[in-house]
Structures are given as structure tokens and as C-alpha cells.
Amino acid sequence: MYDDDGLQIMVDRFKDIVKSGGENVSSLRVEGVLVTHPDVLRAAVIGVPDPLWGEKVTAVVTVTPGRKVNVEDILAFARERLAGYEAPKDIVVIDRMPETVGGKIMKYKLRELLARKD
1 MYDDDGLQIM
11 VDRFKDIVKS
21 GGENVSSLRV
31 EGVLVTHPDV
41 LRAAVIGVPD
51 PLWGEKVTAV
61 VTVTPGRKVN
71 VEDILAFARE
81 RLAGYEAPKD
91 IVVIDRMPET
101 VGGKIMKYKL
111 RELLARKD
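The opening residue of the sequence shown carries number 1 in full-length UniProt numbering; numbering runs sequentially from there.
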């Protein structure tokens, strides 16, 4: 989103902004691109601690029923549509997103899941 002067406006919850390599990455923007891929049903983008970048842009996705996911294809798809600093460095495929009773993805649960994997 841009203002009248052509400056980019970040529209995202502060805690959902990924700070990677000195750049602020909107998780909403990256998620919006990922869900346009035919293999991706749902996507959540989080920052994973990284010694080089501060946080690494990481996408957690679920697969569209009946599709077979190819993580490299999804990464390439994202790189074609996003700035280099916005594109996920990793994609993790899970069966089901942790969500509230209202259907909102619980990103803190995804952070916990990925922290356990390390």
C-alpha cells in the first residue's frame, strides 16, 4: 500500500512484522502472495531467529487437498513476486494450522513448533 507521495505504508500488526537484515517485512503481504500458488491452501509467515539476518522470513503452509507440494516451486513462485528481502528463506509444510475457535491462525504456536524442531 502506498500513500499519495509514493511512500510505502506498512499495514500489519507490529508483532507480525518480520525484521530481517534491516528490512521490515509484512507477513500479510507475503502470505497474500503465497496463497495465490495453486498448491498452497493456507499460509502463515513468521520470523525465526537467525544469527546473520536477525530474523529469517519463514512460511508455514498447508497444502491444497489433492495437490502435491513442491517447496522449491513455491519458493521460486514467491521470489518472482516479492522483493528479495520479502521472499521466504524457508517453507515448512504442516497438515493443519493451529487456530482459534474463530479460525485465526495462532502464530505463536507456529513459533513454538519451529523452535522445537531446531
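Glycine residues also receive a C-beta, built at the ideal position from the N, C-alpha and C atoms. Model, not experiment: these values are computed from the prediction.
Sequence-distant partners of M97 (beyond 5 residues in either direction) whose C-beta falls short of 7 Å from its own C-beta, in its chain, are R42, A44, T62 and I105. In the structure shown, A83 falls within a coil segment according to DSSP collapsed to helix, strand and coil. Rounded to the nearest angstrom, the Cβ distance from I46 to S26 is 12 Å, too far for a contact under 8 Å.
Between Y85 and E23, the gap from beta carbon to beta carbon is short of 8 Å. A check of alpha carbon separations from T100 across V93, L110, I91 and V92 identifies L110 as the nearest.
DSSP places L52 outside both helix and strand once states are collapsed to three, so it counts as coil. As the crow flies, the alpha-carbon of A78 is around 7 Å from that of P88. Taking the CA atoms as reference points, K56 sits about 8 Å from V18.
In chain order, A78, R81 and L82 place their CB closer than 7 Å to the CB of V33, counting only its own chain and leaving out the 5 sequence neighbours on each side. The beta carbon of P65 sits closer than 8 Å to those of L41, all from its chain and outside the five residues before and after it, given in chain order. A distance below 8 Å between beta-carbons, with the five flanking residues on each side excluded, links R67 to the following residues of its chain, in chain order: P38 and D39.
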